[in-house]
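Chains as they are written, first to last, in our numbering: chain A, 1 to 310; chain B, 1001 to 1368; chain C, 2001 to 2243. Ideal placement from N, C-alpha and C gives every residue a C-beta, glycine not left out.
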């Protein structure tokens, strides 16, 4: 039987006016790298704060490491590593002082768990006397991760660690997470960047307080279940407008230099499309069938939700 | 314990790295004391006085000469009746009236002593104090240098009367008042801001999600400010003693103990404020409006309580600073012990317990 | 592409120093009228510094900078009249309604009340936000706010609009709606100067500049950059430059 580190059943969270989390179910197994993927305002931070016992759930059962988040919050707090969304270290303390401080309040020392943070810490060690506030975005994230790891927690809960961080630092950060996973640490991470989903073992796509899909990234992509075309022409904005005006087109989304489109029925073929666009005076038309990515799936799921609502 | 020490250390780092905090902590008390001190104790010269000589003999004449030739005083008027004293003061030019009793020289020769009354306008309490002290000094030196030197063991007893403000409020008010104000500011405002800052920056989130319990967090926050406030209090007392000649009649240890009690009260208040505010701004505003202004206006520091409307008088009795000022004045000026100020001390203890209890009850182990 | 010929931003040998630290090291580039110009770079590469100079908020240490035909040294006020600015952090007043925000920004640029009113109507129509025109900004989802913020930034028909990470954290559909608005603005002749951390968005731009350590290390169309750096996509180009 699988050992669950995090179990969430029918979790709801309401604030004064809004219902931020509307009945969410998921579980994270030991050693898993689980991603909560969704835009701002989807409810990710609320869920994370409930898991870290910072706020109460309005309804539902939530267990972390088999402890209840309401009754046994003290046990949970000693055994998790948490990185909140905002940079939450002391800007006026140096890198080393921050780390020492967090080691101390967890009743440990840097030396004791140096093994765990070594790979990450060596990258910021040259700057250990610099004040944390003066570090670059990527380095701040590394330091925050070290601080969250310093007491060797069983589970890491990272709330949007890569938001606002440049592409290089994001890549490095994910490489670190994957190494930590290999060391057996369970990781729950949230992100608004859809491309990061592929690096997780399993993902939950979340929007408006509801999980639209939970599965491995591969299976989520498979569930797309229809043909997807990438289209390009010399006048991309005109192309968007023209395609949107065609009634057999289901969706049109810009994706890099291409537009990703789906059709009402998959009967239409490539040549027909090209001729229709040529009629509209488009030149250098390129069309090819492609495999969907997580973002395509996310948008399709969002559209489906909208349809069921209206 | 190791955890706790780590926490306190971190707190000191915060304080020492922020030059603004340092400035408020140490610059302000010194600046305030010096400003208040000098505003009230400017050098006196050319003070207008009047003399009511009921004796008009050679000795009173000599003393009058000594006083007028000292350079500090200008003889504005010679008075001829008791009624004129009041009038002279009312006109506002004369700051001091010296009254020689009738048959001054005769009395001296007969009894070996005679009296001089020094009446000062104490509405400007500090000037009054200085002026009367100068006058006394001149008289004493006359007795010593002129009479004693001639082998006349006479005694002249100056009797000082402060008109309009017989307790000399103001002159010795500014030290206890400033002390109350600064301790309130440093202890309450700084603690509340430093806790609110952790909430604002999100570090409180991380602290809460650690095995650190609320009580050590709170006490860890409080200890550095307690130490600094105490240092501040000592600096203020030393400044007022050495620079402005404020007496310390009572027991110094007792004075410091009462100060510590007040600091503790202010810190509890600071924690209470922080539980109600999520940002540094809010903490600052609450501290300003709920603590600073009432402390300045209602504690009797600036305006005498007995002159206030009834409703403000009631309000002033919930101002902790009021009791602290009473205690400090009693100890420093009158040399009172616990026997005199036990009631005020008890009130402060009660307030501390109340604020501390309330804030621990209100301190949240969660974000909501 | 013939449509972009006229220079709207001209930067020559721009240097900005903070003490001994060189934030912008001899930048030279041009942006054409109506172009969507992507301004990329790692955190701390000097993007924000450059944008501040271009929008007249800060002076260069040396170099020539012309924006919308005006010198940022001598004609700062003219520069400011001709640009719009929107950032992720601050864009709208949360405690004002949608309509009040639009009214306020229109007023800042000295537009007449009547004009503001008419334009507000058509804007609300186009954004499909008629129903929520009297809602407070704070009650709206992030994506909507960003759309309104963009509309407000180009409300006074500036020649150039600077967008500083306009789509951070926005859901993928709204993000695309947002880019459609950018296309539309560009189509109507407004030059769009945009920074982003989403590398796929870099592909939406006509030309892209990539900064690293204060210098521009790559500047061309996305297609050419990919050829030049022998990369599949912009993500790879970026990694090759900034790593």
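Presumed contact (8 Å Cβ cut-off) between residue i and residue j, rounded CB distance
{"i": "residue 1154/B", "j": "residue 1112/B", "result": "6 Å"}
{"i": "residue 1183/B", "j": "residue 1240/B", "result": "In fact, because the Cβ distance is near 14 Å, the residues do not count as touching under 8 Å."}
{"i": "residue 1366/B", "j": "residue 55/A", "result": "6 Å"}
{"i": "residue 2038/C", "j": "residue 2202/C", "result": "5 Å"}
{"i": "residue 156/A", "j": "residue 185/A", "result": "6 Å"}
Bridge partner(s) assigned by DSSP for residue i
{"i": "residue 258/A", "result": "255/A"}
{"i": "residue 1158/B", "result": "1116/B"}
{"i": "residue 1081/B", "result": "In the DSSP output, where bridge partners are listed per residue, residue 1081/B has none listed."}
{"i": "residue 2012/C", "result": "2064/C"}
{"i": "residue 14/A", "result": "19/A"}
{"i": "residue 61/A", "result": "9/A"}
{"i": "residue 1282/B", "result": "According to DSSP, residue 1282/B bridges with nothing at all."}
{"i": "residue 2037/C", "result": "2193/C, 2207/C"}
{"i": "residue 1206/B", "result": "According to DSSP, residue 1206/B bridges with nothing at all."}
{"i": "residue 2070/C", "result": "2067/C"}
{"i": "residue 2168/C", "result": "In DSSP, residue 2168/C forms no bridge with anything."}
{"i": "residue 2218/C", "result": "2210/C"}
{"i": "residue 155/A", "result": "80/A, 186/A"}
{"i": "residue 67/A", "result": "64/A"}
{"i": "residue 1121/B", "result": "1163/B"}
{"i": "residue 996/B", "result": "This structure gives no information on residue 996/B, because the portion of chain B shown stretches from 1001 to 1368."}
{"i": "residue 28/A", "result": "6/A"}
Through-space distance from residue j to residue i, alpha-carbon basis
{"i": "residue 2129/C", "j": "residue 2098/C", "result": "9 Å"}
{"i": "residue 2002/C", "j": "residue 234/A", "result": "Note that residue 2002/C scores a pLDDT of 45, beneath 50, so its modelled location is shaky and nothing firm can be said."}
{"i": "residue 43/A", "j": "residue 210/A", "result": "8 Å"}
{"i": "residue 301/A", "j": "residue 26/A", "result": "18 Å"}
{"i": "residue 276/A", "j": "residue 237/A", "result": "17 Å"}
{"i": "residue 1020/B", "j": "residue 1190/B", "result": "11 Å"}
{"i": "residue 2226/C", "j": "residue 2232/C", "result": "6 Å"}
{"i": "residue 1252/B", "j": "residue 1329/B", "result": "13 Å"}
{"i": "residue 310/A", "j": "residue 208/A", "result": "Model confidence at residue 310/A stands at a pLDDT of 46, short of 50, so the residue's coordinates are unreliable; what they give is reported in the following sentence. When rounded, the distance between both Cα atoms is 15 Å."}
{"i": "residue 2082/C", "j": "residue 2159/C", "result": "6 Å"}
{"i": "residue 1349/B", "j": "residue 1290/B", "result": "20 Å"}
{"i": "residue 192/A", "j": "residue 1345/B", "result": "58 Å"}
{"i": "residue 2211/C", "j": "residue 2051/C", "result": "12 Å"}
{"i": "residue 2196/C", "j": "residue 1215/B", "result": "44 Å"}
{"i": "residue 169/A", "j": "residue 138/A", "result": "5 Å"}
{"i": "residue 2157/C", "j": "residue 278/A", "result": "33 Å"}
{"i": "residue 1064/B", "j": "residue 1148/B", "result": "18 Å"}
{"i": "residue 174/A", "j": "residue 199/A", "result": "8 Å"}
{"i": "residue 2209/C", "j": "residue 164/A", "result": "19 Å"}
{"i": "residue 114/A", "j": "residue 140/A", "result": "18 Å"}
Limits of the unbroken alpha helix (DSSP H) element including residue i
{"i": "residue 1258/B", "result": "1252–1276"}
{"i": "residue 140/A", "result": "137–149"}
{"i": "residue 36/A", "result": "Premise fails: residue 36/A lies in the beta strand (DSSP E), 33–37, not in any alpha helix (DSSP H)."}
{"i": "residue 271/A", "result": "270–279"}
{"i": "residue 2057/C", "result": "Where residue 2057/C is concerned, there is no enclosing alpha helix (DSSP H), given that its DSSP letter is neither H nor E."}
{"i": "residue 2235/C", "result": "2234–2242"}
{"i": "residue 1111/B", "result": "1104–1111"}
{"i": "residue 1366/B", "result": "It is not in any alpha helix (DSSP H) - residue 1366/B carries neither H nor E in the DSSP assignment."}
{"i": "residue 1227/B", "result": "1214–1242"}
{"i": "residue 1006/B", "result": "1002–1017"}
{"i": "residue 1194/B", "result": "1190–1201"}
{"i": "residue 45/A", "result": "44–51"}
Opening and closing residue of the beta strand (DSSP E) in which residue i lies
{"i": "residue 286/A", "result": "286–290"}
{"i": "residue 2086/C", "result": "2083–2087"}
{"i": "residue 2138/C", "result": "First-last for residue 2138/C: undefined, no H or E at that position."}
{"i": "residue 1098/B", "result": "1096–1100"}
{"i": "residue 2030/C", "result": "2021–2032"}
4 or more residues per run - each alpha helix (DSSP H) lying fully within the region 2091–2128 of chain C
2098–2108, 2113–2127
If you scan the region 164–235 of chain A from start to end, which runs of the beta strand (DSSP E) of 3 or more residues do you find wholly inside it?
186–191, 202–207, 210–215, 228–232
Could you tell me which whole alpha helix (DSSP H) segments of length 4 or greater appear in the region 1021–1070 of chain B?
1028–1040, 1058–1068
At 3 residues or longer, what runs of the beta strand (DSSP E) sit wholly inside the region 2171–2213 of chain C?
Counting whole runs of 3 or more residues, the region 2171–2213 of chain C contains the beta strand (DSSP E) stretches 2191–2195, 2207–2212.
If you scan the region 77–134 of chain A from start to end, which runs of the alpha helix (DSSP H) of 4 or more residues do you find wholly inside it?
Counting only runs of 4 or more, we get 95–105, 114–124.
Which ranges would you report for the alpha helix (DSSP H) in the region 1291–1360 of chain B if only whole runs of at least 4 residues count?
1293–1298, 1310–1316, 1320–1329
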